[in-house]
Amino acid sequence: EGALAVFGTKGFHATTVREVCVAAHLTERYFYESFKTLPQLYLATYEALREELMRLTLAALAQAEPTPLGLLEPAMRVFLEFIRDDPRRGRIMLVDSLAVNDEVAAVSGATARDYSNMLRAHLAQLVPNLKRDDISLDLLAEGMIGLNVLLAARWMQDGFAEPIDKVVATNLLPYRGLFALAAEAPHEADRRVG
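Be aware that the sequence shown starts at 34, since it is given in our numbering, and climbs by one per residue.
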């Protein structure tokens, strides 16, 4: 909690061990009994947030309509609510995570890959078969996750001014485009044969 409070408001590079200990109401001795360095605490904080977000995402998916677009909307909404409801989470996960050190950046990258792997299965259903030889679904999934993260970070930086429904709809627009492309694919194939 102390780490979330200080990292999430001041950022990693402006945070000291002493400030985290004051926020946690503990002496520095307790800090060093659990962590050797501030980056280790940051990593533990990031991983706790990652686990919480994944738990919330999986719970939302369990209640969602089992279609590619039906699953994407609640997953997107959970992610956006997660950072809106506590912007400190967004600062830790979206802003500072790539600038702490290589270990934290690697965990941040692994988190993005976990979500892109989940997304890849949905994209396989949305991208027409006749287009798959021309593209990499792995790169597409990672790019779409990158788009979602950048839109969320911008929304956060703008103080969450746009209504969440509008941000969800904006995030889903590229996926809806892929869905429309998939619906048109048989017609394209017919035109090519004829």
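No residue lacks a Cβ here, since even glycine has one placed at the ideal position from N, Cα and C. Everything numeric in this text was worked out from a predicted model, so none of it was measured.
- In this structure, DSSP gives G192 a state outside helix and strand, which the three-state scheme calls coil.
- Ranked by Cα distance from R187, the options L131, H155 and P120 are led by P120.
- With fewer than 16 other beta carbons inside 10 angstroms of its own, A154 counts as exposed.
- Secondary structure at T203: helix, using DSSP grouped into helix, strand and coil.
- A distance of 8 Å or more separates the beta carbons of V201 and R122.
- Assignment of D167 by DSSP, reduced to helix, strand and coil, places it in the coil class.
- Here the alpha carbons of V137 and H46 stand approximately 13 Å from one another.
- Scanning its chain for C-beta atoms nearer than 6 Å, with the 5 sequence neighbours on each side dropped, one finds around V53 the residues G35, A36 and V39, in chain order.
- DSSP places N150 in the helix class (H, G or I) of the three-state scheme.
- Between I178 and A132 the beta-carbon gap is near 19 Å, outside 8 Å, which marks them as no contact.
- A direct Cα-to-Cα measurement between E98 and D147 gives close to 21 Å.
- The beta carbons of I125 and Y79 sit closer together than 8 Å.
- In this structure, DSSP gives T42 a helical state, which the three-state scheme calls helix.
- Inter-residue distance for L105 and L205 is about 8 Å (C-alpha atoms, whole angstroms).
- Residue environment: P196 is assigned as exposed (fewer than 16 neighbouring CB atoms within 10 Å of its CB, all protein chains considered).
- Just so you know, the alpha carbons of L180 and V140 end up roughly 19 Å apart.
- Apart from sequence neighbours up to five positions away, the residues of its chain that approach L127 with a beta-carbon distance below 8 Å are I116, V182, A185, A186 and M189, ordered along the chain.
- Taking a C-beta distance under 8 Å as the contact criterion, L172 and L156 do not qualify as a contact pair.
- Looking from the CA of A215, the closest CA among T42, L94 and Q158 belongs to Q158.
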